[in-house]
Structure formats: C-alpha cells, structure tokens
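Working notes, structure below.
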Amino acid sequence: MNLYHFRRMAALSVLLLPVSGCGYLFGDQGVFRDPSNDYKKAPEMAAIKVPDGADSGTLQEIYPVPPVQSSVVDTGKFEVPRPSPLVAGGSEELVRIQRLGDESWALVDEAPGQVWPQVRSFLASAGIGVSRVDARAGVLETGWLKLESAPMNSRFQVRIEQGVQRGTSELHVLQQNQAGDVGNWPDQSDDLELEAEMLRSLAQYIANSAEAAPVSMVAEQAISAGGRISMQESATGEPYLQLQLPFPRAWASMGRALEKSTFSVTDLDRSSGTYFALFNGPSSEEDDGWFDWLWDSDDEFPHAGENFVVTLEDAGDAGVRIFLRPQEQGTELSVRDQQALLSLIKGNIN
Numbered sequence: 620m621n622l623y624h625f626r627r628m629a630a631l632s633v634l635l636l637p638v639s640g641c642g643y644l645f646g647d648q649g650v651f652r653d654p655s656n657d658y659k660k661a662p663e664m665a666a667i668k669v670p671d672g673a674d675s676g677t678l679q680e681i682y683p684v685p686p687v688q689s690s691v692v693d694t695g696k697f698e699v700p701r702p703s704p705l706v707a708g709g710s711e712e713l714v715r716i717q718r719l720g721d722e723s724w725a726l727v728d729e730a731p732g733q734v735w736p737q738v739r740s741f742l743a744s745a746g747i748g749v750s751r752v753d754a755r756a757g758v759l760e761t762g763w764l765k766l767e768s769a770p771m772n773s774r775f776q777v778r779i780e781q782g783v784q785r786g787t788s789e790l791h792v793l794q795q796n797q798a799g800d801v802g803n804w805p806d807q808s809d810d811l812e813l814e815a816e817m818l819r820s821l822a823q824y825i826a827n828s829a830e831a832a833p834v835s836m837v838a839e840q841a842i843s844a845g846g847r848i849s850m851q852e853s854a855t856g857e858p859y860l861q862l863q864l865p866f867p868r869a870w871a872s873m874g875r876a877l878e879k880s881t882f883s884v885t886d887l888d889r890s891s892g893t894y895f896a897l898f899n900g901p902s903s904e905e906d907d908g909w910f911d912w913l914w915d916s917d918d919e920f921p922h923a924g925e926n927f928v929v930t931l932e933d934a935g936d937a938g939v940r941i942f943l944r945p946q947e948q949g950t951e952l953s954v955r956d957q958q959a960l961l962s963l964i965k966g967n968i969n
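Residues in the sequence shown are numbered from 620 upward in steps of one, following this note's numbering.
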C-alpha cells in the first residue's frame with residue numbers, strides 16, 4: 620500500500636472540509652477507490668455466438684435494458700449540484716468534526732452500537748487490514764500501512780465512545796509512525812495531518828451510509844449510550860449539572876451551549892470557571908414551544924432579561940459540576956426555574 624493510494628480515499632471529504640497539506644484518502648483517482656460504479660463505464664460487448672444446434676438459453680440477458688428514445692433528451696444548460704454536506708436523514712446534522720487545540724474528534728448523532736459496524740465497513744471497503752478488534756472497548760486498530768513518500772509506515776487506532784448527549788457517539792482517531800519501540804500507542808498522533816485525513820474520511824463515510832447501517836449488539840451493550848451529562852442535586856438541595864468531561868473541553872463547550880440556549884455571554888473568567896450571561900428568552904415562535912414545555916406556563920417567560928452566573932467546578936475524575944445562580948443579590952430563583960434553565964443548557968452541551 621502506498622501513500623498515493625492511501626490519500627486518495629479522502630477525495631469526497633475535501634469537498635466538504637478543507638484538508639491541509641497532503642492528498643486524500645478516497646476518490647475515483649485513489650488507491651482505496653470504490654469500484655462499485657465501474658459498471659457505468661464498461662464498454663458494450665458483442666453478443667456471444669454459439670455453434671449451431673447448441674443451447675443459448677443460459678446466455679440470455681438477465682436484466683435486459685429497454686430501448687431509449689433519443690428524442691426525450693433535454694436540452695439547455697445544467698448546473699452540477701454541490702456535494703451533500705456531512706448530514707443524512709433530514710436537516711439535522713448527523714456528523715460534526717470538532718476541535719480543541721490539537722485534539723479533534725467526530726460527534727455522531729447515533730448510538731455507539733450503530734457507529735461500530737460502520738467503522739468496520741469503512742475499513743473493509745478501503746482494504747485496510749485490522750490487527751485488533753475490541754467491540755466492548757469500542758477500539759479497532761489497523762495493521763501497518765506502507766505509505767509512499769513517507770519515511771516510515773503508519774497505523775491507526777479508531778476509538779468509539781459515548782457522546783455527551785444520550786444516543787450520540789464520539790469518534791477518535793490516533794495515528795502512529797513505525798519508529799523505535801511501537802509497543803504502546805502514543806498519547807497524541809505522530810502525524811496530525813494523517814489523523815485528520817482519516818477522521819474526515821471516516822466521518823463522511825458514516826454520514827453517507829447511516830440510513831442503511833446495521834447495529835452491533837456487543838458494542839450497543841458494552842458502550843453506554845446514556846450520555847455524559849445529568850441533572851444532580853447537592854446536599855443543600857441546589858440543582859446542578861454533572862458533566863463527565865475534562866475541564867478544558869467543558870469550558871469550551873459551555874460558551875457555545877449558552878449561546879444556543881438564548882443566553883448572551885457578557886463576561887467570563889476562566890481561572891474561576893465563571894461565565895456571566897444574560898438570559899434573553901425565546902427568539903422565535905419555534906423556540907416558544909420549547910420554553911412553554913419547560914415552564915408549562917402561558918405567561919411571559921420568567922427571568923428573561925435577567926443576568927446569571929454560570930460556574931464550572933472541576934471535580935477531578937468525576938468531571939465538572941455546573942451551577943447557575945442569579946448575578947444580582949436578592950433576585951428570586953426557584954429550584955424549579957433553576958432546573959428549567961439548567962435543562963435548557965444541558966441539551967446544548969456536546
């Protein structure tokens with residue numbers, strides 16, 4: 620296997636997400652080329668002639684093609700459609716690639732049991748050999764790949780984990796060069812560009828094949844699909860969110876979650892894990908239904924226009940605890956409304 624073939628597999632991905640530097644993993648010009656459409660270019664062959672008196676029944680066309688009237692060919696200018704984005708099954712995003720520093724991963728809106736067989740199918744269709752499979756741990760490891768124009772061979776580890784939200788998954792890729800002692804996998808990929816290419820190609824494959832994907836019962840049972848965030852209550856009865864993520868990622872996710880939850884961040888202090896945010900309330904009729912469900916009220920939405928302090932407390936191995944409190948002293952905030960606002964944020968963290 621050479622680098623030219625290996626990088627051609629990402630030809631489809633590059634139309635959707637930019638890849639810096641090198642070639643691609645997929646595509647019609649790639650080594651891991653999908654041959655399923657080759658029949659479209661197959662030349663028409665003359666009918667096989669058999670000797671007189673021989674039975675030609677087995678040589679009949681299995682799928683005869685009816686004649687086509689040439690007069691129905693449309694005329695005029697045509698525009699080639701843009702490639703489909705990383706979505707499937709409607710308007711909701713199915714696969715999103717996220718980054719934090721040098722770390723990147725794919726967030727998939729499917730349970731791990733659905734993602735697992737798609738990863739195996741991707742590697743099989745690309746002709747990439749697998750050296751280790753552990754469905755219970757959600758880990759697949761490839762064999763060593765000889766890459767043209769590269770000083771050494773490479774291998775990849777694909778890891779599937781439960782996502783933050785229930786019924787979602789995270790896809791992580793690790794790349795390693797065959798240099799020195801390669802008994803253990805490194806904490807970070809040796810070649811971040813190759814890691815990015817593999818992740819993008821794998822994400823695109825899942826987005827394209829999700830609707831027909833099978834389910835792995837072993838992975839479904841072993842890798843929890845319950846999510847990594849839950850509503851908890853402190854010893855004093857104060858509600859908070861328990862988020863099983865390291866603090867740096869939880870902090871980055873919180874800023875986006877507040878914006879999606881109709882909060883405006885007015886100030887922040889990372890050293891103390893604090894966001895200062897203004898709650899705006901629903902911004903459209905579509906949001907109204909969601910807010911009505913949260914508060915079960917036909918009145919004006921409570922606390923719209925009020926300022927809040929959202930605090931992230933590092934809980935070590937337990938992840939992060941997220942509290943929401945009024946910014947102004949003396950402002951009343953019932954436990955029920957506190958839970959409603961936290962639930963709004965909870966649904967937007969990933």
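Built from N, CA and C at the ideal position, the CB exists for glycine as well.
Nearest to residue i (by Cα), restricted to the options the options
i	options	result
ASP933	SER820, GLU878, ARG889 and THR761	ARG889
ARG940	GLU947, PRO865, GLN737 and ALA798	PRO865
SER883	PHE895, SER872 and ARG751	PHE895
SER828	ASP674, ALA661 and LEU713	LEU713
ASP721	ALA769, ASP806, MET664 and TRP735	ASP806
THR855	GLN776, LYS879, VAL954 and THR881	VAL954
Presumed contact (8 Å Cβ cut-off) between residue i and residue j, rounded CB distance
i	j	result
LEU821	VAL783	The pair is not a contact, with the Cβ atoms about 20 Å apart (cut-off 8 Å).
LEU742	LEU719	Wrong, their Cβ atoms sit about 26 Å apart, outside the cutoff.
ASN926	LEU963	Between LEU963 and ASN926 the Cβ distance is about 16 Å, and since that is not below 8 Å, they are no contact.
Chain B within 9 Å of residue i, Cβ atoms only
i	result
GLY874	Checking the listed chains, one finds no chain B in this structure; it contains a single protein chain.
Coil, strand or helix - residue i by DSSP
i	result
GLN807	coil
VAL669	coil
ILE716	strand
ASP956	helix
GLN948	coil
GLN795	strand
SER750	strand
VAL699	With a pLDDT of only 49 at VAL699, under 50, the local geometry of the prediction cannot be trusted, and the value read off the model is given with reservation. Coil, per DSSP.
ASP933	strand
LEU961	helix
LEU864	coil
VAL734	helix
GLN823	helix
ALA854	coil
TRP763	coil
GLU780	strand
LEU790	strand
SER902	coil
GLY966	coil
GLU722	strand
SER872	helix
ARG774	strand
ARG739	helix
ARG940	strand
ALA896	strand
SER880	coil
Cβ-Cβ distance between residue i and residue j below 9 Å
i	j	result
ARG819	GLN797	no
ILE779	VAL738	yes
GLN974	LEU811	For residue 974 there is no data in the structure shown, the boundaries of the chain being 620 and 969.
MET949	HIS922	In the sequence on display, residue 949 carries Gly and not Met. No, they are not a contact pair.
GLN946	PRO858	no
ALA876	ASN803	no
MET850	LEU952	no
ALA756	GLN863	no
GLN717	ASN969	yes
The ligand MG heavy atom lying under 8 Å from the CB of residue i
i	result
LEU713	By its list of ligands, the structure shown contains no ligand whatsoever, and the ligand MG lies outside what it can speak to.
Cβ contact (3+ pairs, closer than 8 Å) linking the segment 719-737 and the segment 772-787: yes
Stretch-stretch touch, CB-based, cutoff 8 Å, three pairs: the segment 868-888 with the segment 925-932: yes
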